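Here the working numbering = 1-based position in the sequence shown + 383.
All C-beta atoms in this analysis are idealised placements derived from N, C-alpha and C, irrespective of residue type, glycine included.
Just so we're clear, the structure is a prediction, and the values are computed from it rather than from any experiment.
Below is one structure, written out as structure tokens; the observations come after it.
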Amino acid sequence: MKSGFHNVALIVAAGKGERAGAARPKQFALLGGKPVVAHSIDAALTHPAIDGVIVVTAADQRQAMEVALDGRDVRAIVDGGASRRESVLAGLEAISALGGAVRVLIHDAARPLLPHAVIDRLLAQLDGSAGAVPVLPVADTLATADEALGDIVPRTGLVRVQTPQAFRFDAILAAHRLWPVDQEATDDAQILRAVELEVAMVEGDSMLEKITHPQDFASAEARLAARASIR
Ligand code: CTP
Ligand code: MG
């Protein structure tokens with residue numbers, strides 16, 4: 384039997400967090416007293432179907448990452464690249480070197496609150512598709528904008544795509560290896576679609592909103608408190 388993982392979680396945390404404007408990258412900020420990056424790692428480590436967690440960090444933040452992980456049982460800490468897509472590819476290659484996996488969940492460390500139910504929905508979809516992503520409807524009016532407001536963009540047929548994004552490991556690794564080196568990609572589903580594989584959709588979760596701007600920390604604290612109060 385091929386060694387390696389059944390379901391591995393790949394947490395990308397090698398960004399600089401420039402838009403969040405804090406002194407250090409947002410994945411190291413404390414949320415409910417715990418580093419942002421540690422929240423989704425704990426969610427992955429405690430999910431019964433996940434048998435390994437790999438973290439990607441900026442090479443010059445390796446020490447900060449080790450402090451943030453505080454002995455958590457991750458299988459590898461991998462050096463990332465200059466773009467998210469390069470960081471993901473570095474993580475996938477590291478998993479491959481460890482013997483590969485059947486499925487991989489690729490997740491932004493900047494989305495700390497990761498419900499187990501979303502992981503369940505994604506893994507269930509991978510029996511019929513090479514990829515699956517969580518999506519939410521678009522509620523606000525959308526419009527083009529330049530100096531002033533432009534035209535309304537119809538919302539029908541539009542969704543907001545979150546992470547984790549789940550893939551059959553061999554399919555997403557092959558797709559990433561074929562993607563042009565210098566081309567950015569904000570998510571991995573588009574990289575799978577570039578090799579003409581279908582990506583299924585499951586219901587997303589507002590818990591998974593990304594921390595991008597300074598005000599997003601307070602929203603994440605509020606979601607964390609709301610989750611604690613319903614448990
Ligand atoms: N990421 C990464 N490697 C990079 C860039 C981003 O691993 N070279 C990760 C981030 O750490 C984050 C996720 O990809 O968990 C989503 O990216 P984003 O929200 O854009 O985070 P940053 O790139 O850190 O933020 P910014 O773009 O504001 O600098
Ligand atoms: Mg970025």
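Within the continuous beta strand (DSSP E) that includes residue i, where are the two ends?
i, result
"residue 430", "From DSSP, residue 430 is part of no beta strand (DSSP E); its letter is neither H nor E."
"residue 388", "388–396"
"residue 514", "514–520"
"residue 584", "582–586"
"residue 496", "Premise fails: residue 496 is in no beta strand (DSSP E) and is neither H nor E."
"residue 548", "548–551"
"residue 633", "Not covered by the structure: residue 633. The range shown for the chain is 384 to 614."
Around the C-beta of residue i, are 16 or more other C-beta atoms found within 10 angstroms, so that it is buried, or is it exposed?
i, result
"residue 396", "buried"
"residue 399", "exposed"
"residue 440", "buried"
"residue 592", "buried"
"residue 604", "exposed"
"residue 469", "buried"
"residue 352", "The displayed coordinates of the chain run from 384 to 614. Any statement about residue 352 would go beyond what the structure contains."
"residue 463", "buried"
"residue 536", "exposed"
"residue 389", "exposed"
"residue 384", "The predicted model places residue 384 with a pLDDT of 46, which falls under 50 and marks its position as unreliable; any figure quoted below should be read in that light. Per the 10 Å Cβ criterion, exposed."
"residue 520", "exposed"
"residue 444", "buried"
"residue 422", "buried"
"residue 404", "exposed"
"residue 610", "exposed"
"residue 446", "exposed"
"residue 556", "buried"
"residue 566", "exposed"
"residue 575", "buried"
"residue 541", "exposed"
"residue 601", "exposed"
"residue 582", "buried"
Within the present structure, is the beta-carbon of residue i separated from the nearest heavy atom of ligand 3 by less than 7 Å?
i, result
"residue 470", "Judged by which ligands are present, ligand 3 is missing from the structure shown, whose ligands are ligand 1 and ligand 2."
Between which two residues does the alpha helix (DSSP H) containing residue i stretch?
i, result
"residue 531", "Element bounds for residue 531: n/a, residue is neither H nor E."
"residue 502", "499–508"
Assuming residue i contacts residue j (C-beta within less than 8 Å), just tell me the rounded distance between them.
i, j, result
"residue 386", "residue 482", "4 Å"
"residue 585", "residue 515", "6 Å"
"residue 474", "residue 518", "Their Cβ separation, rounded to whole angstroms, is 23 Å, which puts residue 474 and residue 518 out of contact at 8 Å."
"residue 489", "residue 393", "5 Å"
"residue 478", "residue 437", "6 Å"
"residue 471", "residue 571", "6 Å"
"residue 551", "residue 486", "6 Å"
"residue 451", "residue 594", "Wrong, their Cβ atoms sit about 15 Å apart, outside the cutoff."
"residue 580", "residue 513", "4 Å"
"residue 432", "residue 506", "6 Å"
"residue 467", "residue 569", "7 Å"
"residue 509", "residue 558", "Wrong, their Cβ atoms sit about 15 Å apart, outside the cutoff."
Please list the segments of the alpha helix (DSSP H) lying wholly inside the region 556–608, counting only runs of 4 or more residues, in order along the chain.
DSSP runs (the alpha helix (DSSP H)) wholly in the region 556–608: 572–576.
Unbroken beta strand (DSSP E) runs of length 3 or more, entirely within the region 410–478: which are they?
Fully enclosed beta strand (DSSP E) runs of 3 or longer: 435–440 and 459–462.
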